[in-house]
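In the numbering used here, the protein residues as written are 14 to 170.
A virtual CB, placed ideally from N, CA and C, is assigned to each residue, including glycine.
Values in this document were obtained by computation on a predicted structure and should not be read as measured data.
Below: the structure, in structure tokens.
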């Protein structure tokens, strides 16, 4: 088994397995994501030309990132969705996906949202240089705030 993480564009063949493990993840379940709904969302994304990448090791998809070039304020890059397979957490997959997305951003800033109850993700993004710059109460689901995280990217565009 290799430790090397390969990041490549999402392929239609990746969708069934990716949708299955996303739907089995407690965080996504809190947002009522099902295997069917997530598969449909990914297919619609691919059909519309969305920028979605997967991270794989030894042919197994361990994570994904959905990047929107100017998804924040029609100016800054935005990570619409990111996730890692439960068994792959703390294995460098999330960091590799974030670094990959940042390298492909077409702006000097990156934004993302993280749930107020997801303390581990908040710490992870802080370690990568993101800071909380706002909060959206009840934005996606009632009773949950989405925290706005932002990072100034260290490069010229």
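Return yes when the Cβ of residue j is within less than 7 Å of the Cβ of residue i, no when it is not.
{"i": "residue 146", "j": "residue 135", "result": "no"}
{"i": "residue 48", "j": "residue 33", "result": "yes"}
{"i": "residue 90", "j": "residue 118", "result": "yes"}
{"i": "residue 129", "j": "residue 158", "result": "yes"}
{"i": "residue 124", "j": "residue 85", "result": "yes"}
What residue from the options has the CA that sits closest to residue i's CA?
{"i": "residue 153", "options": "44, 29, 16, 28", "result": "44"}
{"i": "residue 131", "options": "41, 66, 88, 89", "result": "41"}
{"i": "residue 68", "options": "96, 19, 46, 108", "result": "19"}
{"i": "residue 106", "options": "82, 34, 58, 70", "result": "70"}
{"i": "residue 100", "options": "48, 121, 74", "result": "74"}
{"i": "residue 79", "options": "17, 158, 56", "result": "56"}
{"i": "residue 30", "options": "160, 124, 97", "result": "97"}
{"i": "residue 65", "options": "93, 50, 46, 142", "result": "93"}
Tell me the rounded alpha-carbon separation between residue i and residue j.
{"i": "residue 110", "j": "residue 149", "result": "25 Å"}
{"i": "residue 59", "j": "residue 21", "result": "14 Å"}
{"i": "residue 36", "j": "residue 28", "result": "12 Å"}
{"i": "residue 16", "j": "residue 62", "result": "30 Å"}
{"i": "residue 143", "j": "residue 108", "result": "13 Å"}
{"i": "residue 38", "j": "residue 140", "result": "23 Å"}
{"i": "residue 156", "j": "residue 46", "result": "17 Å"}
{"i": "residue 88", "j": "residue 25", "result": "29 Å"}
{"i": "residue 151", "j": "residue 72", "result": "38 Å"}
{"i": "residue 167", "j": "residue 51", "result": "33 Å"}
What distance in whole Å lies between the Cβ atoms of residue j and residue i, which are believed to be in contact at a cut-off of 8 Å?
{"i": "residue 138", "j": "residue 162", "result": "5 Å"}
{"i": "residue 121", "j": "residue 165", "result": "6 Å"}
{"i": "residue 23", "j": "residue 77", "result": "7 Å"}
List the DSSP bridge partners of residue i.
{"i": "residue 124", "result": "91, 163"}
{"i": "residue 158", "result": "150"}
{"i": "residue 69", "result": "19, 74"}
{"i": "residue 46", "result": "Residue 46 pairs with nothing; no bridge assigned."}
{"i": "residue 80", "result": "64, 92"}
{"i": "residue 145", "result": "162"}
{"i": "residue 38", "result": "Residue 38 pairs with nothing; no bridge assigned."}
{"i": "residue 116", "result": "BP columns for residue 116 are empty, so no partner."}
{"i": "residue 52", "result": "In the DSSP output, where bridge partners are listed per residue, residue 52 has none listed."}
{"i": "residue 85", "result": "89"}
Can a CB atom of chain B be found closer than 7 Å to the CB of residue i?
{"i": "residue 141", "result": "This model lacks chain B altogether, as it is built from one protein chain only."}
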